[in-house]
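*Asks:*
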Amino acid sequence: MKLQIIFLKKKYIYYVLGIIIFTISLTFLFLFKTSAISTFNIVNEAKMMQADLTGDGTKDILYIKTDVNKYYIQINSGDKSYYLEPSKKINTVGNYYLQWPMRLTLMDISRNNVPEIFTQASVNNKAVQHVFLWTGEKYEDIFSSTNNILGFVDSKNNKTPKMLSGNIKDGKLNLISYIFIQDSLKSFDYNYVDNYMGKTTVLGFINLMATFPVSELTIPKDLFTSDLNGNDISLLSDLSNKKVQLTFQDGVFKDFNWDKDGNASDVLWTLNFKGTNTNDLLDPKVSNLKETKNYTIELILKLIPNASKDSSFKISSIDIK
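Numbers given in the numbering used here equal positions in the sequence shown, counted from 1, plus 2.
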């Protein structure tokens with residue numbers, strides 16, 4: 003049997019190498035974009051994260067653990083350990099519930115190259131927010147509230163970063179804006195347009211979730227961009243078919259793309275729902291065994307120009323966790 007050896011011409015080798023490099027680059031770009039957008043970390047019973055949280059150029063270790071169903075946060079930096087102690091105003095960072103896990107966000111709104119730590123959790127079905135700042139010696143709780151919405155605007159463009167905190171209640175979303183001044187967050191007045199950062203669209207989406215189960219034909223199309231992937235709508239239909247009653251709990255958003263003037267063109271919203279099996283609600287035999295779980299829905303909202311009226315944010319992507 004003769005051994006056949008195939009010699010490729012040099013130009014074909016270049017073609018093959020080019021295809022390989024292109025494929026690797028495309029994969030890296032996709033992964034980088036996904037990780038760059040998704041900055042809101044879901045914390046169940048325990049979690050460990052690595053980041054430079056003290057500004058010394060080395061990565062620290064952030065531990066989140068639970069004890070008697072309460073969350074505790076510790077940071078190990080070199081040979082020192084620091085605990086995130088909540089203020090006396092709200093002296094807990096939250097309790098662990100399977101249907102309402104903690105959200106933790108690292109965001110440098112002070113722009114001093116050290117991220118602030120933002121936490122969202124709950125106690126007895128009531129939302130709890132905290133913001134922790136590294137002072138150079140310890141972490142200080144500089145903000146706390148019982149609001150259920152947290153937002154970041156102008157997070158990485160050429161404008162002053164802003165944190166927003168607010169509540170979705172009785173079908174309305176009220177927001178208060180804050181900027182970082184001298185190691186503290188200061189509120190300021192701002193006249194929001196109706197669909198600022200897509201809040202009207204998000205309210206419509208939350209109301210839609212509250213009406214589940216629904217048919218795909220009855221899903222209002224005015225919430226979505228015209229080019230929304232059909233698979234994304236199918237995700238909603240599949241969720242509706244599970245026959246769960248969805249209750250909104252809390253949410254977080256941030257802008258991640260901007261136009262040439264620094265105005266937001268894309269916004270990521272992460273919404274947290276409690277899902278209760280409706281069959282359990284209808285069957286008295288299992289009324290004491292209601293099955294509940296957490297549903298996290300990520301929405302990307304895109305600013306759609308409109309010649310006849312103000313531009314508006316619409317949902318261009320849906321992902322259900």
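C-beta atoms are modelled at their ideal positions from N, C-alpha and C, and glycine is treated no differently. None of these values were measured; they are calculated from a predicted model.
Nearest-angstrom Cα distance between LEU301 and ASN209?
*Replies:* 15 Å
*Asks:* Write down every uninterrupted run of the beta strand (DSSP E) in the segment 62–97 whose length is 3 residues or greater and which is fully enclosed by it, in chain order.
*Replies:* Taking only runs of at least 3 residues, the beta strand (DSSP E) segments lying wholly in the segment 62–97 are 62–69, 72–79 and 82–85.
*Asks:* Taking only the alpha-carbon atoms, compute the straight-line gap between THR94 and SER228 and give it to the nearest angstrom.
*Replies:* 44 Å
*Asks:* Under DSSP, the beta strand (DSSP E) around ILE119 begins and ends at which residues?
*Replies:* 118–125
*Asks:* Buried or exposed: where does ASN71 fall if 16 or more other Cβ atoms within 10 Å of its Cβ makes it buried?
*Replies:* exposed
*Asks:* At what residues does the beta strand (DSSP E) containing ILE151 begin and finish?
*Replies:* 151–155
*Asks:* What are the partner residues of MET50, as DSSP defines its beta bridges?
*Replies:* Answer is TYR65.
*Asks:* Are the CB atoms of ASN296 and PRO103 within a distance shorter than 8 Å?
*Replies:* yes
*Asks:* Can you tell me which of THR294, LEU205, LYS323 and LYS245 puts its alpha carbon nearest to the alpha carbon of PHE315?
*Replies:* LEU205
*Asks:* By the 10 Å Cβ neighbour count, where 16 or more other Cβ atoms means buried, how is VAL195 classified, buried or exposed?
*Replies:* exposed
*Asks:* With DSSP as the reference, please indicate the residues paired to VAL133 in a beta bridge.
*Replies:* Bridge pairing for VAL133: PHE120 and PHE145 [DSSP].
*Asks:* Should GLU118 go down as buried or exposed, given a rule of 16 or more other Cβ atoms within 10 Å for buried?
*Replies:* Buried, because 16 or more other Cβ atoms sit within 10 Å of the Cβ of GLU118.
*Asks:* My guess is that TYR84 and ILE77 are in contact by the Cβ rule of under 8 Å, so how many angstroms apart are they, rounded?
*Replies:* 5 Å
*Asks:* To the nearest angstrom, how far is it from the Cα of PHE120 to the Cα of ALA266?
*Replies:* So the alpha carbons of these two residues sit roughly 22 Å apart.
*Asks:* Hey, could you find the ends of the alpha helix (DSSP H) VAL204 is sitting in?
*Replies:* 201–212
*Asks:* Check whether the segment 96–110 touches the segment 123–133, counting contact only when three or more Cβ pairs, one atom from each stretch, lie closer than 8 Å.
*Replies:* yes
*Asks:* Which whole-angstrom value is the C-beta distance of GLN251 and ASN274, which I expect to be below 8 Å?
*Replies:* 5 Å
*Asks:* How long is the line joining the alpha carbons of LYS256 and TRP271, rounded to whole angstroms?
*Replies:* 7 Å
*Asks:* The beta strand (DSSP E) with ASP268 in it runs from where to where?
*Replies:* 266–279
*Asks:* Under a Cβ-count criterion, where at least 16 other Cβ atoms within 10 Å of its own Cβ denotes burial, should ILE336 be classed as buried or exposed?
*Replies:* The question about residue 336 has no answer, for the chain in this structure spans 3 to 323.
*Asks:* Measuring CA to CA, which of LYS164, GLN101 and THR203 is closest to LEU305?
*Replies:* THR203
*Asks:* Please return the same chain residues whose Cβ sits closer than 7 Å to the Cβ of SER313, not counting the five positions on each side in sequence.
*Replies:* LEU305, ILE306 and PRO307
*Asks:* Starting from the Cα of ASN160, find the closest Cα among ASN281, GLY57, PHE258 and ASN46 and give me that residue.
*Replies:* PHE258
*Asks:* How about ASP185 and LEU135: do their beta carbons lie closer than 8 Å?
*Replies:* Yes; because the gap between Cβ atoms is below 8 Å, this pair is in contact.
*Asks:* When you compare each of GLU293, MET199, ASP224 and ASN149 to LYS244 by their alpha carbons, which one comes out closest?
*Replies:* Out of GLU293, MET199, ASP224 and ASN149, the CA that lies nearest to the CA of LYS244 is found in GLU293.
*Asks:* What separation, rounded to the nearest whole angstrom, lies between the Cα atoms of ILE111 and LEU175?
*Replies:* Whole-angstrom Cα-Cα distance: 23 Å.
*Asks:* Below 8 Å CB to CB, which residues in the same chain sit around LEU177 once its five sequence neighbours on both sides are set aside?
*Replies:* Sequence-distant partners of LEU177 (beyond 5 residues in either direction) whose C-beta falls short of 8 Å from its own C-beta, in its chain, are ILE151, GLY153, LEU166, SER167, GLY168, TYR194, TYR198 and LYS201.
*Asks:* Would you report the Cα separation of SER239 and ILE144, rounded to the nearest angstrom?
*Replies:* 42 Å
*Asks:* Which residues share a DSSP beta bridge with ILE170?
*Replies:* LEU175
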